[in-house]
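Here the structure is laid out as C-alpha cells; the discussion comes afterwards.
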Amino acid sequence: MNNFTTIPIHQNIYEIDDLRSKINDGFFLVLTDIDKVPPHCSVLYRQYWSSLNYTECRVNIDAEVFLKTLFSKNKAAVFIEVDIHPELKSIENIFSKYTTIDFGGQITCISPVKDVLNTCGIAVFTGALLYEMIELLKDTNKIRKVYFFNSDQKIYILQHYSVNDLKTMKS
39 MNNFTTIPIH QNIYEIDDLR SKINDGFFLV LTDIDKVPPH CSVLYRQYWS SLNYTECRVN
99 IDAEVFLKTL FSKNKAAVFI EVDIHPELKS IENIFSKYTT IDFGGQITCI SPVKDVLNTC
159 GIAVFTGALL YEMIELLKDT NKIRKVYFFN SDQKIYILQH YSVNDLKTMK S
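Numbering (my numbering), first residue to last: 39 to 209.
What follows is the structure, given as C-alpha cells:
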C-alpha cells in the first residue's frame, strides 16, 4: 500500500488569464498550501469560491477575489475538475452550516466538500480524509481534468495522513 495518492496533471498553467479561461465553468476542488500535509481544499463553482478554514467559513465569494490573492502571493494550486453539477444554492446551504475547522470535532476543510459530493450522488463516507476522497473520485471516473497553477510538475503527490495527524496540526 502506498503512503501517497498520485494526481496526474492534464495541464500546467502560469498565467492568471489562462487559468480563468479553464475554470470559468465547472465544479473544481482547489488544493492550496500544497506543501503541507494535508493541503487545504476548497470549492470553486460557476465563478464562486467557498472555503472552510480555522477562522471562518467563506461562502460563494466572487472567485476573482480568490484568484487575485493566489496570483499576488504567487502560490501554486491544483484545480481538480469533478464531473458533478450541484445547485449553487445547495453549496451555499451546505457551507453555511459550518463555522470553522474543529479537528477535535472531526470538522475539516473537506467536511462541507464531502456533503456537496454526497448530495450529487458520490458516496463519500463521513470520516474520509482528503486523499480517500480523491481516490474515490479517481476510482469512479469523476475527475475530468486537473490543472496545476504555478507549477511545472506533471503529477501532484498527495501524502497520506491520519486523523491523529490532523488533531496535532494548526497553521
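Glycine is no exception: its CB is placed at the ideal position from the N, C-alpha and C atoms.
Other residues of its chain near proline 76: CB distance less than 6 Å, five sequence neighbours each side excluded: The residue given as residue 76 occupies position 38 in the sequence shown. Leu168 and Tyr199.
Beta-carbon proximity of asparagine 43 to leucine 196, cut-off 7 Å: In the sequence shown, the residue the question calls residue 43 occupies position 5. In the sequence shown, the residue the question calls residue 196 occupies position 158. What sits at residue 43 in the sequence shown is threonine, not asparagine. Yes.
Pairwise C-alpha distance: tyrosine 136 and lysine 111: For this step, residue 111 is matched to residue 73 along the sequence shown. For this step, residue 136 is matched to residue 98 along the sequence shown. Approximately 27 Å, taken between the alpha carbons.
DSSP-derived helix/strand/coil call for aspartate 140: Walking along the sequence shown from the start, residue 140 turns up at place 102. Three-state DSSP puts aspartate 140 in a strand.
First and last residue of the uninterrupted beta strand (DSSP E) at threonine 107: Indexing the sequence shown from 1 puts residue 107 at position 69. Segment 101-110 is the alpha helix (DSSP H) holding threonine 107; no beta strand (DSSP E) there.
Assumed close pair tyrosine 86, aspartate 100 - CB separation to whole angstroms, cut-off 8 Å: Reading the sequence shown from its first residue, position 48 is the one you call residue 86. Reading the sequence shown from its first residue, position 62 is the one you call residue 100. With a Cβ gap of about 7 Å, tyrosine 86 and aspartate 100 count as contacting.
contact_flag[the stretch 151-162, the stretch 114-131] where n(CB pairs < 8 Å) is 3 or more: yes
Same chain, Cβ closer than 8 Å to threonine 93, five either side skipped, listed in chain order: Position 55 of the sequence shown, counting from 1, holds the residue named residue 93. Counting only Cβ-Cβ distances below 8 Å, and skipping sequence neighbours, we find Thr138.
Rounded C-alpha distance that separates isoleucine 172 from aspartate 190: Numbered from its first residue, the sequence shown carries residue 172 at position 134. Numbered from its first residue, the sequence shown carries residue 190 at position 152. Roughly 21 Å separates the two Cα atoms.
Option in Ile132, Cys147 and His78 with minimal Cα separation from alanine 115: Counting from 1 along the sequence shown, the entry for residue 115 is found at position 77. For the residues Ile132, Cys147 and His78, the minimum Cα distance to alanine 115 belongs to His78.
Buried versus exposed, by CB contacts within 10 Å (16 or more), serine 89: Here the question's residue 89 lines up with position 51 in the sequence shown. Serine 89 is buried by the Cβ-count criterion.
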